[in-house]
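Colleague: Structure provided below as structure tokens; questions to follow.
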Amino acid sequence: MKHIKILSRNRLQDTMLTGTCEKCSASCQSACKTSITVGNTICYTKVENK
Amino acid sequence: MIKGQVHVFTYKDKNIVLDVNSNSLFTVDELAKEIIHLYPSFTLAEIIGKLNGKYDENKITEAYQEIQQLHQEGIIYSEGVLPEEEHDPEEFEIKSMCLHVSHDCNLRCKYCFAGTGPYGQKRSLMTFEQGKKAIDFLVSQAKNTSHFEIDFFGGEPLLNFSVVKQIVAYAREKEKETGKKFDFSLTTNGVYINEEVEEFIANENINLILSIDGRPEVNDKMRPMDDGSGSYQTIVKNYQRINSERSGNADNRYGRGIYTYYRGTFTSENLDFANDVLHLSDLGFKRISVEPVVLPENRKYAIKKDHLPELFEQYDVLTESYLERKGTDKEFHFHHFEVDMEEGPCFSKRITGCGAGYQYMAITPEGDIYPCHQFVGKKEMIIGNLKEGFTNKKLMNKFRNTNIYTKPACKECWARHLCGGGCHVNAYGFNDDLNKPYEVGCELTKKRFENALYLKVLELEQE
Chain A
1 MKHIKILSRN RLQDTMLTGT CEKCSASCQS ACKTSITVGN TICYTKVENK
Chain B
1 MIKGQVHVFT YKDKNIVLDV NSNSLFTVDE LAKEIIHLYP SFTLAEIIGK LNGKYDENKI
61 TEAYQEIQQL HQEGIIYSEG VLPEEEHDPE EFEIKSMCLH VSHDCNLRCK YCFAGTGPYG
121 QKRSLMTFEQ GKKAIDFLVS QAKNTSHFEI DFFGGEPLLN FSVVKQIVAY AREKEKETGK
181 KFDFSLTTNG VYINEEVEEF IANENINLIL SIDGRPEVND KMRPMDDGSG SYQTIVKNYQ
241 RINSERSGNA DNRYGRGIYT YYRGTFTSEN LDFANDVLHL SDLGFKRISV EPVVLPENRK
301 YAIKKDHLPE LFEQYDVLTE SYLERKGTDK EFHFHHFEVD MEEGPCFSKR ITGCGAGYQY
361 MAITPEGDIY PCHQFVGKKE MIIGNLKEGF TNKKLMNKFR NTNIYTKPAC KECWARHLCG
421 GGCHVNAYGF NDDLNKPYEV GCELTKKRFE NALYLKVLEL EQE
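If you want it as structure tokens, here you go:
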């Protein structure tokens, strides 16, 4: 492509689960404690399946 | 159906595009940037009509077709679907527990949401018997969960170190008995870290969140000891010793593994908080999280809307410093810049946020159960107690059913899948409504994400 550079190709919609599979950390449990951020937690299911 | 949405912004020399529903990330040239803004609403012929004279028609067609191709591949202007989740309103599986082993503290921090320890109640320490009950309750209510997270919290948890040790030992027995696993973390002000504590946290693989606000004068003004003296000299000595002994993290991001976070708070007194982050980095600390104070606007030290421009500049300073220090011995990681594009959480997690009240709970020394540590002391938010179990499932279901698509302000916000809808306590505290996020917090969050995405672009371009 000449005008667009794809840096990260994802399909977040396809990761939809019926409820969470529990293999992620609680987003407020450690570093923040006052203002959550979900995008920087890790999905361990993805990591384990790699 | 969730309609397609992109967020297009320019940071320094990069035109950055985030596809909100797919979480795909792109950089584009000026022409593609203009077309992306027009793309869903206008046809190619109309776009040529609008941009003719400014760009060559062939180039417009070329860029349009690239966008169209990505649209067809489902990674730009991609649509989404809301999950059709059905939960038994009587069933919950809480996997993370904030254990308030101490409602007392040896510091008198001026912005403390816990009222310097007791959360507006009497100063008290959790007994080992209560801690045992909390572990038993955690395990019994989450039959399908294999992995639990427990944070020792307070007040200052090391005021009750003997009970912390007993609880960990008890949980280790439970691990053998049940096959389930416990990860522990300790949030401490660092004053009582000594050889015995260090040995224990090393042997038990305890993650650490070490509180410090940055420069000595900032820290000591806001975080004095109970006798009024400063805490900086004591804690920095302890933290530097710990820092030299802990190799870092099993994973370089926030999550499981042995991590050590240096966690500070900035207030209206230190709006130049980038200097505090850099001071912590100068001390050799690698994983840093410095957060805005959460106080009502009429309170001293509160962050106000008027402060936002200055705070945005500080995140820009941090972005520059992050890049300058990368690869040097002063390299640091800033919690809010660590957005993961590839291995982040699933859609369900992203729309529901922190999980307070149905995946996460806080337990007080008296055995009361709250949706999260910051709700402690607000009696109307009690969801149960260790004697009777969950007593307010209606409220727990309210938390479970609150998500970014029940919040009018989040529904169309480009950052919604990155932040998860913001902090429930802030929404409740500032707006008396779980579905109405704290506006100043949202503005800070969006700014941090733009900077984080810029850093991610630079990282991915090098791969």
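Each protein sequence line maps, in turn, to chains A and B.
Each residue of the first sequence is one higher than the one before, counting from 1 in UniProt numbering.
Each residue of the second sequence is one higher than the one before, counting from 1 in UniProt numbering.
Where a beta carbon is used, it is the ideal one built from N, C-alpha and C, also for glycine.
Curious, which full-length beta strand (DSSP E) runs of at least 3 residues does the UniProt domain "4Fe4S-binding SPASM" (354 to 414) of chain B contain?
Modeller: Qualifying beta strand (DSSP E) stretches, in chain order: 360 to 363 and 368 to 370.
Colleague: Does the beta-carbon distance from N205/B to I258/B come in below 7 Å?
Modeller: It is a contact, given that the beta carbons lie within the stated cut-off.
Colleague: Taking the alpha-carbon of K165/B as reference, which of E177/B, E175/B, F184/B and H147/B has the nearest alpha-carbon?
Modeller: Ranking E177/B, E175/B, F184/B and H147/B by Cα distance to K165/B puts F184/B first.
Colleague: Is P345/B close to chain A? Criterion is C-beta to C-beta, closer than 7 Å.
Modeller: Yes, its Cβ sits closer than 7 Å to a Cβ of chain A.
Colleague: List the residues of chain A whose Cβ lies closer than 7 Å to the Cβ of M341/B, in chain order.
Modeller: S8 and N10, listed in chain order.
Colleague: Going straight from the alpha carbon of I35/B to that of M1/B, what length do you get?
Modeller: Each residue's Cα considered, the two are about 24 Å apart.
Colleague: Count the other CB atoms within 10 Å of the CB of Q359/B; is the residue buried (16 or more) or exposed (fewer)?
Modeller: When all chains shown are included, Q359/B counts as buried.
Colleague: Quick one: which chain A residues come within Cβ less than 7 Å of A63/B?
Modeller: Here the neighbours are H3.
Colleague: Going by beta carbon distance, what residues of the same chain come within less than 8 Å of Y454/B, once the five residues before and after it are set aside?
Modeller: Answer for Y454/B: Y11, K12, K14, I16 and T319, listed in chain order.
Colleague: If you draw a straight line from the C-alpha of E84/B to the C-alpha of K407/B, how long is it?
Modeller: So the alpha carbons of these two residues sit roughly 17 Å apart.
Colleague: Can you tell me whether DSSP reads R448/B as helix, strand or coil?
Modeller: In the structure shown, R448/B sits in a helix (DSSP, three-state: H, G or I).
Colleague: Apply the 10 Å Cβ neighbour rule to C21/A and answer buried if 16 or more other Cβ atoms are within range, or exposed otherwise.
Modeller: C21/A comes out exposed.
Colleague: Grab me the residues of F449/B's own chain with a C-beta within less than 6 Å of its C-beta, minus the 5 sequence neighbours each way, in chain order.
Modeller: Only A415 and L418 meet the Cβ criterion.
Colleague: Against T27/B, what residues of chain A qualify as contacts under a CB-to-CB distance less than 7 Å, listed in chain order?
Modeller: Correct list: K5 and L7.
Colleague: Would you list, in chain order, the members of the segment 119 to 145 of chain B that have their beta-carbon closer than 8 Å to a beta-carbon of chain A?
Modeller: Residues N144 and T145.
Colleague: Can you pull the chain A residues whose beta carbon is under 7 Å from the beta carbon of residue 464/B, in chain order?
Modeller: This structure cannot settle anything about residue 464/B, because the visible part of chain B is limited to 1 through 463.
Colleague: Taking the CB atoms as reference points, tell me whether G179/B and D104/B lie closer together than 7 Å.
Modeller: In this structure, D104/B does not lie closer than 7 Å to G179/B by Cβ.
Colleague: Please report the Cβ distance between G264/B and G214/B, rounded to the nearest whole angstrom; I am assuming they are in contact, meaning their Cβ atoms lie under 8 Å.
Modeller: Right, the Cβ-Cβ distance comes to about 5 Å (below 8 Å), so this counts as a contact.
Colleague: Using DSSP with H/G/I as helix, E/B as strand and the rest coil, what is C419/B?
Modeller: Helix.
Colleague: Which residues does DSSP pair with Y119/B in a beta bridge?
Modeller: Answer is none; Y119/B lacks a bridge partner.
Colleague: Please identify the residue among E338/B, C112/B and Y239/B whose C-alpha is closest to the C-alpha of L295/B.
Modeller: It is C112/B.
Colleague: Exposed or buried, S289/B, counting other C-beta atoms within 10 Å across all chains shown (16 or more means buried)?
Modeller: Label assigned to S289/B: buried.
Colleague: Looking at chain A, is there any beta carbon in it that lies within less than 7 Å of the beta carbon of Y360/B?
Modeller: With 7 Å as the cut-off, Y360/B counts as an interface residue toward chain A.
Colleague: Starting from S281/B and walking both ways along the alpha helix (DSSP H), at which residues does that stretch end?
Modeller: Element bounds for S281/B: A274 to D282.
Colleague: Opposite V8/B in the DSSP bridges: which residues?
Modeller: In DSSP, V8/B forms a bridge with V17/B.
Colleague: Short of 9 Å Cβ to Cβ, which residues in the segment 407 to 423 of chain B face chain A?
Modeller: For the segment 407 to 423 of chain B, which is checked against every Cβ of chain A, the residues closer than 9 Å are A415, H417, L418, C419, G420, G421, G422 and C423.
Colleague: So L82/B and T61/B are in contact, right, with Cβ under 8 Å, and what is the actual spacing, rounded?
Modeller: Not a contact, Cβ separation roughly 36 Å.
Colleague: Using 8 Å as the cut-off, can you tell me whether the segment 5 to 16 of chain A makes contact with the segment 298 to 316 of chain B, which would need three or more C-beta pairs spanning the two stretches below that distance?
Modeller: Output reads no: the segment 298 to 316 of chain B does not touch the segment 5 to 16 of chain A.
Colleague: Just to confirm before moving on: does the CB-CB distance between L444/B and P292/B stay below 7 Å?
Modeller: Taking 7 Å as the Cβ cut-off, L444/B and P292/B qualify as a contacting pair.
Colleague: What three-state label does DSSP hand D14/A in the structure shown?
Modeller: In this structure, D14/A counts as helix in the three-state DSSP scheme.
Colleague: Any Cβ of chain A within less than 7 Å of the Cβ of I382/B?
Modeller: Judged by the 7 Å Cβ criterion, I382/B is not in contact with chain A.
Colleague: Taking only three categories from DSSP, how would you classify S348/B?
Modeller: Helix at S348/B.
Colleague: So, does the CB of I75/B fall closer than 7 Å to a CB anywhere in chain A?
Modeller: Output row for I75/B: interface = yes.
Colleague: Within 7 Å of any Cβ in chain B, is that where the Cβ of N40/A sits?
Modeller: For N40/A, the answer is yes, since a Cβ of chain B falls inside 7 Å of its Cβ.
Colleague: Quick check on T260/B: does DSSP put it in helix, strand or coil?
Modeller: Strand at T260/B.
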